[in-house]
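Chains as they are written, first to last, in the numbering used here: chain V, -5 to 304; chain P, 397 to 489.
Every residue gets a Cβ at the ideal spot worked out from N, C-alpha and C, and that includes glycine.
Working notes for the structure below.
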Amino acid sequence: LERSSSTFSFSSYHTIEEIYDWIDNFASENSNLVSKIQIGQSYEQRPLLVLKFSTGGSNRSAVWIDTGIHSREWITHATGLWTANQIVSEYGKDPVLTSILDTLDIFLEIVTNPDGFAYTHSEDRMWRKTRSINPGSSCSGVDANRNWDSNFGGTGSSDDACSDDYHGPSPHSEVEVKSIVDFVLGHGNIKAWISIHSFSQLLMFPYGYKLELTPDHQELNDLAREAVKVLTTKYGTEYTYGSISSTIYQASGTSIDWAYDNGIKYSFTFELRDTGEHGFMLPASEIIPTAEETWPALLTIIDHARHHPY
Amino acid sequence: LKLFSGDQVLRIKAKDETQLAVLKDLVHFKHLQVDFWRSPLSPNLPVDVRVPSCNLQAVKAYLKSHGIPYSVMIDDVQVLIDKEREAMAASRR
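Here you go:
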């Protein structure tokens, strides 16, 4: 049988091999809109793949979306897959998405931490970090969402290599992080950034590393409120929104703070569904409802970025 | 493949800052090997923590001794993992 992305089940979890196969097929079957870009190699030499959705133009303004930086949060990779497919399915049908893609490019990294993800399938379902070896420690891995050069090593990260919040030896020490940094800085025209995590039903924006409000606080807060409103409309899932430091806790070295401090004003992070029964181990039956309710919130943020160039 | 048989995830609701501080101390008790899924942040947010089966008694006793209410969110983590793997296998078939 010839392999095809059309036989792929979005309502199931998949291994990294299955996801990478799907990405290959998906990009080749939709080459008018989608291309696959390799932005680097993980610590264990797996390709770091990004899907680019573009209708043309050169170095257009763009949106960055990543899922799966914490490898055990499988619902985020699954949401990324569904979202990729949704972009292709809805282009030309959904007027908002269509006009977004006629103006902006979207970059989507579905498996942001491939080594960790592979490890959750093969060895330890609870694994959250990268898989790099820490010299002088028996504990492996770095929390890739504490490794960014945004108050690196500060409050809300750990210098203990055995901790799940270990920030790593230096900013961008993790190749999974450095590859994104190089790609985004090299592109130079990314206008919105969305990192997707799970779980606890939150939509947050900078800052995480300090309690101070950003100069754009009011606009980001209003946009978060709007995005949460449309998300809730779908299935009644209630989200809390606000800056990271005011909503949950101070966290240093996170991706959205780095993005914001590097000029990407519309920087947000989602924490997906919390059913109160499964934590981040959401049953596969929750994948599509979770992705479906997240979709209009994503579009709201991206569409706002499109209408508010800076 | 690492097994998590009998590990539970507790959903804990601290009543006030004092109880929250008690929960934060759990992070430092490395011998208990707890894995915070939702960290102790503020009294109005739940805390979820996976506790290895061998340390369940000790952690529950610790919570009880400080009057901290909790419920069992996941009774056996391994059961959930097994179901997940079965569902993946079924989908592949």
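Tell me whether residue i is buried or exposed, calling it buried when 16 or more other Cβ atoms sit within 10 Å of its Cβ.
| i | result |
| --- | --- |
| V/Asp159 | buried |
| P/Val468 | exposed |
| P/Lys460 | exposed |
| V/Ala285 | buried |
| V/Leu(-5) | Residue placement at V/Leu(-5) is flagged as unreliable, the pLDDT there being 45, under the threshold of 50; the coordinate-derived value follows with that caveat. V/Leu(-5) is exposed by the Cβ-count criterion. |
| V/Gly202 | buried |
| P/His427 | exposed |
| V/Asn26 | exposed |
| V/Gly86 | exposed |
| V/Tyr233 | buried |
| V/Arg119 | buried |
| V/His302 | exposed |
| V/Thr106 | buried |
| V/Thr124 | buried |
| V/Ala218 | buried |
| P/Ile408 | buried |
| V/Thr1 | exposed |
| P/Ala485 | exposed |
| V/His71 | buried |
| P/Phe425 | exposed |
| V/Gly247 | buried |
| P/Leu397 | exposed |
| V/Asn183 | exposed |
Would you verify that the beta carbon of residue i is, or is not, closer than 7 Å to some beta carbon of chain V?
| i | result |
| --- | --- |
| P/Leu399 | no |
| P/Leu476 | yes |
| P/Val405 | yes |
| P/Ser487 | yes |
Residues of chain V with CB under 7 Å from residue i, in chain order?
| i | result |
| --- | --- |
| P/Arg434 | Ser194 |
Under 9 Å between beta-carbons, which chain V residues line up against residue i? List them in chain order, please.
| i | result |
| --- | --- |
| P/Glu482 | Simply none; closest approach about 10 Å. |
Taking Cβ positions only, does residue i come closer than 7 Å to chain P?
| i | result |
| --- | --- |
| V/Asp118 | yes |
| V/Tyr14 | no |
| V/Tyr7 | yes |
| V/Ser3 | yes |
| V/His301 | no |
| V/Glu(-4) | Confidence at V/Glu(-4) is low in this model, with a pLDDT of 45, below 50, so its placement is unreliable and the value that follows should be read with caution. Judged by the 7 Å Cβ criterion, V/Glu(-4) is not in contact with chain P. |
| V/Ser(-1) | no |
Taking C-beta pairs closer than 8 Å, name the residues in chain P that residue i reaches, listed in chain order.
| i | result |
| --- | --- |
| V/Glu232 | The premise fails here: V/Glu232 is roughly 14 Å from chain P at the closest Cβ pair, so nothing lies under 8 Å. |
Please compile the residues from chain V whose C-beta is within a distance smaller than 8 Å of the C-beta of residue i.
| i | result |
| --- | --- |
| P/Leu437 | Ile242, Tyr243 |
| P/Asp431 | Met120, Asp158 |
| P/Ile470 | Glu271, His272, Gly273, Met275 |
So what does residue i bridge to, in DSSP terms?
| i | result |
| --- | --- |
| V/His191 | V/Glu265 |
| P/Gln404 | P/Val447 |
| V/Lys30 | V/Leu45 |
| V/Trp16 | According to DSSP, which records beta bridges pairwise, V/Trp16 is partnered with nothing at all. |
| V/Val57 | V/Ile100, V/Ala186 |
| V/Ser134 | V/Ile127 |
| P/Met469 | None, per the DSSP bridge assignment. |
| V/Met198 | V/Gly236, V/Thr263 |
| P/Phe432 | P/Val445 |
| V/Tyr160 | V/Ser152 |
| V/Gln35 | V/Pro41 |
**Asked** When Cβ atoms are compared, which residues of the region 261 to 295 of chain V fall closer than 9 Å to chain P?
**Response** Asp268, Gly270, Glu271, His272, Gly273, Phe274, Met275, Pro277, Ala278, Ser279
**Chain-ordered residues of the region 225 to 259 of chain V with a beta carbon less than 7 Å from chain P** = Ile242, Tyr243
**Asked** When Cβ atoms are compared, which residues of the region 445 to 456 of chain P fall closer than 9 Å to chain V?
**Response** Arg446
**Request:** Name, going along the chain, the residues of the region 130 to 147 of chain V whose beta-carbon falls closer than 7 Å to a beta-carbon of chain P.
**Result:** none
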